[in-house]
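S.K.: Sharing a structure, written as structure tokens. Questions coming.
Protein chains: 2
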Amino acid sequence: MMTVNEVSKLTGVSIRTLQYYDTIGLLPPTEYTEAGYRLYDDTAMERLQQILLFKELEFPLKEIKTIIDAPNFDRNKALEQQIELLTMKKEHLENLINFARKIKTTGVNKMDFNVFDTTKMDEYARKAKEQWGETPEYKEYKEKASNQSSDTQKIAWQNLMLIFVEFGKMKDKSPDDEAVQLQVKKLQDYISEHFYKCSKEILKGLGAMYASGGEFTENIDRAAGIGTAVFAAKAIEIYCR
Amino acid sequence: MMTVNEVSKLTGVSIRTLQYYDTIGLLPPTEYTEAGYRLYDDTAMERLQQILLFKELEFPLKEIKTIIDAPNFDRNKALEQQIELLTMKKEHLENLINFARKIKTTGVNKMDFNVFDTTKMDEYARKAKEQWGETPEYKEYKEKASNQSSDTQKIAWQNLMLIFVEFGKMKDKSPDDEAVQLQVKKLQDYISEHFYKCSKEILKGLGAMYASGGEFTENIDRAAGIGTAVFAAKAIEIYCR
DNA sequence: TATTGACTCCTACGTTGCGTAATAGTTTAG
DNA sequence: CTAAACTATTACGCAACGTAGGAGTCAATA
Numbered sequence: 034m035m036t037v038n039e040v041s042k043l044t045g046v047s048i049r050t051l052q053y054y055d056t057i058g059l060l061p062p063t064e065y066t067e068a069g070y071r072l073y074d075d076t077a078m079e080r081l082q083q084i085l086l087f088k089e090l091e092f093p094l095k096e097i098k099t100i101i102d103a104p105n106f107d108r109n110k111a112l113e114q115q116i117e118l119l120t121m122k123k124e125h126l127e128n129l130i131n132f133a134r135k136i137k138t139t140g141v142n143k144m145d146f147n148v149f150d151t152t153k154m155d156e157y158a159r160k161a162k163e164q165w166g167e168t169p170e171y172k173e174y175k176e177k178a179s180n181q182s183s184d185t186q187k188i189a190w191q192n193l194m195l196i197f198v199e200f201g202k203m204k205d206k207s208p209d210d211e212a213v214q215l216q217v218k219k220l221q222d223y224i225s226e227h228f229y230k231c232s233k234e235i236l237k238g239l240g241a242m243y244a245s246g247g248e249f250t251e252n253i254d255r256a257a258g259i260g261t262a263v264f265a266a267k268a269i270e271i272y273c274r
Numbered sequence: 034m035m036t037v038n039e040v041s042k043l044t045g046v047s048i049r050t051l052q053y054y055d056t057i058g059l060l061p062p063t064e065y066t067e068a069g070y071r072l073y074d075d076t077a078m079e080r081l082q083q084i085l086l087f088k089e090l091e092f093p094l095k096e097i098k099t100i101i102d103a104p105n106f107d108r109n110k111a112l113e114q115q116i117e118l119l120t121m122k123k124e125h126l127e128n129l130i131n132f133a134r135k136i137k138t139t140g141v142n143k144m145d146f147n148v149f150d151t152t153k154m155d156e157y158a159r160k161a162k163e164q165w166g167e168t169p170e171y172k173e174y175k176e177k178a179s180n181q182s183s184d185t186q187k188i189a190w191q192n193l194m195l196i197f198v199e200f201g202k203m204k205d206k207s208p209d210d211e212a213v214q215l216q217v218k219k220l221q222d223y224i225s226e227h228f229y230k231c232s233k234e235i236l237k238g239l240g241a242m243y244a245s246g247g248e249f250t251e252n253i254d255r256a257a258g259i260g261t262a263v264f265a266a267k268a269i270e271i272y273c274r
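Which chain is which? The protein sequence lines are A and B, in order. Counting from 34, one number per residue, gives the positions in the first sequence under our numbering. Counting from 34, one number per residue, gives the positions in the second sequence under our numbering.
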């Protein structure tokens, strides 16, 4: 039988934590002395080992409790689910890192809220559908959109907006300037990678849509400066010739 | 001037959040009506935009406050630091994912606490040093150990232990069995990748150390079953001939 | 004008996993 | 037997809000 101090020293778990695990019923001590001191035996220690194992994998304590208490719990299934969860978190972080890098290089400080609004994205998708109908490109978009988490999607749209921000900073140049044309290519590549294969045909249609004066135009101009949408459309038009 | 409701609908930020940002001083409204209603103007909205931007990058609110309030704050430096932080988190998750995968395949349910104890790791390192002196391998270890975060190191040790767990499950086989020998190679590769280049010479020395009856032997046996250390040492000896 | 419905305010508890006192009783070594 | 070391319980603190409750406000309708 070991006291809290001994258990703590052996396992590295703090005394407070042991007390806490007792109060939440995760790891009740084997018995108490008359004075109320907690005493743990080997069985309790094994349970603690289990707890530490799952805690290491970032399971929340409540889940750990149900997992360990369930007599015939499917360990592997829980592990797989947790792996999935961790993977999603990882991807989220990867997205954020890319986003932060781009923010740094473009030096944005204004960004339209609608860009952050996921519901608007579907609106754009619907508009695109109106223009293109049930083309293979639209199907591809829907597929990618449904496969990827909305989180990944959201950040993809944000990064797309950052490309327009770069357009915004080139407005003093001519639309056929080399740097501007390169930017158009970056746009095309980005769309191809994250939404659907973007041929020059489609890009042309997009350019027209950007400058058509609708919500898309507004959003671009608000995020990247007034006139950016039209400017980008011009550059796109030249690029697609 | 916009009310909380309007701001909320425009930005997707909840009313409660706006109230909260007011109480913590992050985003005080431009003014209050006589009735105490919060009113926001364009300047406040821009500030909110900034806040959302940094929040997206998982900056804590307190930092966001200091960042935005500092008149000549080095944005890029803050972004770089945040990128680093996010990268560390990502690496941690990658480690955990690998750990979880290995746990799943090996089916461990016992793991010695000392394995989780970082302080012991340095002890092993010191022992290794006694055996090898200031060899280039030891220098390599120290370099890798200092470069990698202690977190990554810790999980590397855990995964090393899992390799011994697999040894433990092969104890009924002969040490020169093909599967066992393959396991030795896996051990060698793992050490090479995560600690230092592990030649057969060094591996031989390690094998002797594992079976020498010291703390290392105890830890291996406790984590992977009694007799595992000796068994692994035999297999290693054969492998190194 | 009174009422209704929509909106807003503030207060305050719940969440997660403990850290950190503060106060008081217990055990052990000298 | 006393002091040192250990333990217990209680309870606040943190991060970033969600949620609920009670009450005052605003705009429009009956």
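Note that the Cβ used here is the ideal one computed from N, Cα and C, for glycine as well.
1. Could you give the first and the last residue of the continuous alpha helix (DSSP H) run that contains S232(B)?
2. So the alpha helix (DSSP H) K206(A) belongs to, where does it begin and stop?
3. Pop quiz: T139(B) and L195(B) are said to be a contact at Cβ under 8 Å. What is the actual Cβ separation, rounded to whole angstroms?
4. What number of angstroms, rounded off, separates the C-alpha of E199(B) from the C-alpha of W190(B)?
5. For N252(A), does the count of other Cβ atoms within 10 angstroms reach 16, so buried, or fall short, so exposed?
6. Could you pull out every residue in the same chain whose Cβ sits closer than 7 Å to the Cβ of S41(B), ignoring the five residues on either side in sequence?
7. By how many angstroms is the C-alpha of K233(A) removed from the C-alpha of C273(A)?
8. Checking the sheet assignment: what are the DSSP bridge partners for M35(B)?
9. Let me check understanding here. Comparing Cα to Cα, which of Q82(B), L90(B), L126(B) and A257(B) lies closest to T185(B)?
10. Interface residues of chain A around Q115(B) at Cβ under 7 Å?
11. Among residues of its own chain, excluding the 5 on either side of D209(A), which ones have a beta-carbon nearer than 7 Å to its beta-carbon?
12. Any beta-carbon of chain B closer than 8 Å to the one on K204(A)?
13. Is A257(B) closer than 8 Å to F197(B) when the C-beta atoms are compared?
14. For a contact meaning CB atoms closer than 8 Å, what does L119(B) contact in chain A?
15. Please give the ranges of any alpha helix (DSSP H) in the stretch 50–98 of chain B, keeping only runs that are unbroken, at least 4 residues long and fully inside the region.
16. Do you know how far the Cα of D205(A) is from the Cα of Q82(B)?
17. Mind checking which residues open and close the alpha helix (DSSP H) that includes D254(B)?
18. Tell me the DSSP secondary structure of A189(A) in three-state form.
19. How would you write the range of the alpha helix (DSSP H) that R274(B) sits in, first residue to last?
20. Please determine, among K137(B), K110(B), N128(B) and Q221(B), the residue with the shortest C-alpha to C-alpha distance to G238(B).
21. Cβ of N192(A) less than 8 Å from any chain B Cβ?
22. So the alpha helix (DSSP H) F275(B) belongs to, where does it begin and stop?
23. State whether the stretch 95–110 of chain A contacts the stretch 65–72 of chain A, with contact taken as three or more CB pairs (one from each stretch) at a distance under 8 Å.
24. So, for I269(B): in the same chain, excluding its five sequence neighbours on each side, which residues have a beta-carbon less than 8 Å away from its beta-carbon?
25. At the level of alpha carbons, what is the spacing between R255(A) and E248(A)?
26. Suppose you measure from the CA of N131(B) to the CA of S207(A); what does that come to, to the nearest Å?
27. Figure out for me which residue from A212(B), K187(B), E91(B) and P62(B) has the closest Cα to the Cα of F228(B).
28. Would K137(A) pass as an interface residue toward chain B - the criterion being a Cβ-Cβ separation below 8 Å?
29. For G45(B), which three-state DSSP category applies?
30. Is the separation between the beta-carbon of I136(B) and that of L215(A) shorter than 8 Å?
M.R.: With the given structure in hand:
1. As a position in the second sequence, residue 232(B) is number 199, starting the count at 1. For S232(B), there is no enclosing alpha helix (DSSP H), as DSSP marks it with neither H nor E.
2. Against the first sequence, residue 206(A) aligns to sequence position 173. Unbroken run through K206(A): none, as it is neither H nor E.
3. As a first step, residue 139(B) is located in the second sequence; it is residue number 106 there, counting from the start. As a first step, residue 195(B) is located in the second sequence; it is residue number 162 there, counting from the start. Contact holds; Cβ gap of about 5 Å.
4. For the purposes of this step, residue 199(B) is identified with residue 166 of the second sequence, where counting begins at 1. For the purposes of this step, residue 190(B) is identified with residue 157 of the second sequence, where counting begins at 1. C-alpha separation (whole angstroms): 15 Å.
5. Translated into the one-based positions of the first sequence, residue 252(A) becomes position 219. Within a 10 Å sphere around the beta-carbon of N252(A) sit 16 or more other beta-carbons, which makes this residue buried.
6. As a first step, residue 41(B) must be located in the second sequence, where it is residue number 8. Contacts found: S47, I48 and L51.
7. By 1-based counting over the first sequence, the position of residue 273(A) is 240. By 1-based counting over the first sequence, the position of residue 233(A) is 200. If I take the Cα positions, the gap works out to 6 Å.
8. Indexing the second sequence from 1 puts residue 35(B) at position 2. Beta-bridge pairing by DSSP links M35(B) to Y73(B).
9. For the purposes of this step, residue 185(B) is taken as residue 152 along the second sequence, with counting starting at 1. It is L126(B) whose Cα lies nearest to the Cα of T185(B).
10. Numbered from 1 along the second sequence, position 82 holds the residue referred to as residue 115(B). What Q115(B) touches in chain A: A133.
11. Here residue 209(A) is taken as the residue at index 176 of the first sequence, counted from 1. If we look at D209(A) and ignore the five residues flanking it on each side, its Cβ neighbours are I271.
12. In the first sequence, the residue the question calls residue 204(A) occupies position 171. No, because no Cβ of chain B sits closer than 8 Å to the Cβ of K204(A).
13. Numbered from its first residue, the second sequence carries residue 197(B) at position 164. Numbered from its first residue, the second sequence carries residue 257(B) at position 224. It is a contact, given that the beta carbons lie within the stated cut-off.
14. In the second sequence, counting from the first residue as 1, residue 119(B) sits at position 86. Ordered by position in chain A, the residues that pass the 8 Å Cβ test against L119(B) are L126, L129, I130 and A133.
15. Positions of the alpha helix (DSSP H) runs, each at least 4 residues long and wholly inside the stretch 50–98 of chain B, are given as 75–89 in order along the chain.
16. Mapped onto the second sequence, residue 82(B) falls at position 49. Mapped onto the first sequence, residue 205(A) falls at position 172. Their backbone Cα atoms lie some 26 Å apart in a straight line.
17. Against the second sequence, residue 254(B) aligns to sequence position 221. Note, D254(B): alpha helix (DSSP H), E248 to A257.
18. Here residue 189(A) refers to the residue found at position 156 when the first sequence is read from its first residue. DSSP places A189(A) in helix when its eight states are reduced to three.
19. Stepping through the second sequence from its first residue, residue 274(B) is reached at position 241. Premise fails: R274(B) is in no alpha helix (DSSP H) and is neither H nor E.
20. Reading the second sequence from its first residue, position 205 is the one you call residue 238(B). Checked all of K137(B), K110(B), N128(B) and Q221(B); the closest Cα to G238(B) is Q221(B).
21. Walking along the first sequence from the start, residue 192(A) turns up at place 159. No, no contact with chain B.
22. Any answer about residue 275(B) is impossible in this case: the structure gives chain B only from 34 up to 274.
23. no
24. Locating residue 269(B) in the second sequence gives position 236, counting from the first residue. Only V217, L220, L236, K237, L239, G240 and Y243 meet the Cβ criterion.
25. Within the first sequence, numbered from 1, the residue matching residue 255(A) stands at position 222. Within the first sequence, numbered from 1, the residue matching residue 248(A) stands at position 215. If you take the alpha carbons of R255(A) and E248(A), they lie about 10 Å apart.
26. For the purposes of this step, residue 131(B) is taken as residue 98 along the second sequence, with counting starting at 1. For the purposes of this step, residue 207(A) is taken as residue 174 along the first sequence, with counting starting at 1. C-alpha separation (whole angstroms): 51 Å.
27. For the purposes of this step, residue 228(B) is taken as the residue at position 195 of the second sequence. For F228(B), the nearest C-alpha among the options comes from K187(B).
28. Locating residue 137(A) in the first sequence gives position 104, where the first residue counts as 1. At least one chain B Cβ lies under 8 Å of K137(A).
29. To locate residue 45(B), count along the second sequence from 1; it is residue 12. In this structure, G45(B) counts as coil in the three-state DSSP scheme.
30. Position 103 of the second sequence holds residue 136(B). Position 182 of the first sequence holds residue 215(A). Taking a C-beta distance under 8 Å as the contact criterion, I136(B) and L215(A) do not qualify as a contact pair.
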